[in-house]
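Okay, structure first, notes after.
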Amino acid sequence: KQEVTQIPAALSVPEGENLVLNCSFTDSAIYNLQWFRQDPGKGLTSLLLIQSSQREQTSGRLNASLDKSSGRSTLYIAASQPGDSATYLCAPKAVRGSQGNLIFGKGTKLSVKP
Amino acid sequence: ETGVTQTPRHLVMGMTNKKSLKCEQHLGHNAMYWYKQSAKKPLELMFVYSLEERVENNSVPSRFSPECPNSSHLFLHLHTLQPEDSALYLCASSRTANTGELFFGEGSRLTVL
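So the sequences go chain by chain: A and B. Sequential numbering of the first sequence, starting at 1, is according to our numbering. Sequential numbering of the second sequence, starting at 1, is according to our numbering.
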């Protein structure tokens, strides 16, 4: 059964810092891995999707890497801004198990202070 | 319009009420999902529909009844709920059930009194 761990659970940084969020998963047989952000009381916004054959994906100040064999992904945020404050969730889509099921971690709650 | 729209955004109901949550996607996707997000717990998959057929029912109690009349619409019918069912219910869609990128709606916040 796929299990997803995100470290740290919470992170507070001053504006302008570069930061890394970590995600680990136990079953490396995945189709892809998706990173989301969630603002309080809101739905999830897709940030990046990495296919199992890819090593990284970039979108603006965000860069996500994937090391499938070791069951790890990182989300790098450059030059953080207060608007980046949110909970960040990673979700690998496993080949085995329930069809169409993303398994979510508990997330990293990020606070960027002005 | 946003890609995935959910209504209502907030719902308060008694344990004996019957209500429905609605989800509509404008992305031309073939798969739709219901997820439940409770406080301090990871998101849990409830149901998956692919091409209007239910392909996954993740051990959800029968007081939750999904309906997918076409590939753009998904409902979650609620009856005789319990207070512990209070949660944020999120709808999502993807191009395909297995490999597609998921897009979520804003969610329906349900409170059961």
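Here a beta-carbon is modelled for each residue, glycine too, at the ideal position from N, C-alpha and C.
- Contact between the segment 55 to 74 of chain A and the segment 92 to 104 of chain B is absent, with fewer than three C-beta pairs closer than 8 Å.
- Each of Leu33(A), Ala86(A), Gly83(A) and Cys23(A) was checked against the Cα of Val95(A), and the nearest Cα belongs to Leu33(A).
- Not a single CB atom of chain B sits nearer than 8 Å to the CB of Leu21(A).
- Tyr31(A) is not bridged by DSSP to any residue.
- Under DSSP, Asn57(B) forms a beta bridge with Phe47(B).
- When Cβ-Cβ separations below 8 Å define contact, Phe104(A) makes contact with chain B.
- If you check each beta-carbon in the segment 42 to 57 of chain A against every beta-carbon of chain B, the ones closer than 7 Å belong to Lys42, Gly43, Leu44, Ser46 and Leu49.
- 8 Å or more divides the Cβ of Ser70(A) from the Cβ of Ser111(A).
- The alpha-carbon of Ser50(B) is positioned some 43 Å away from that of Gly16(A).
- Setting aside the 5 residues that flank it on each side, Ala78(A) is surrounded in the same chain by Asn18 and Arg61, each with a C-beta closer than 7 Å to its C-beta; the list follows chain order.
- Judged by DSSP secondary structure, Glu56(A) falls within the beta strand (DSSP E) whose first and last residues are Glu56 to Ser59.
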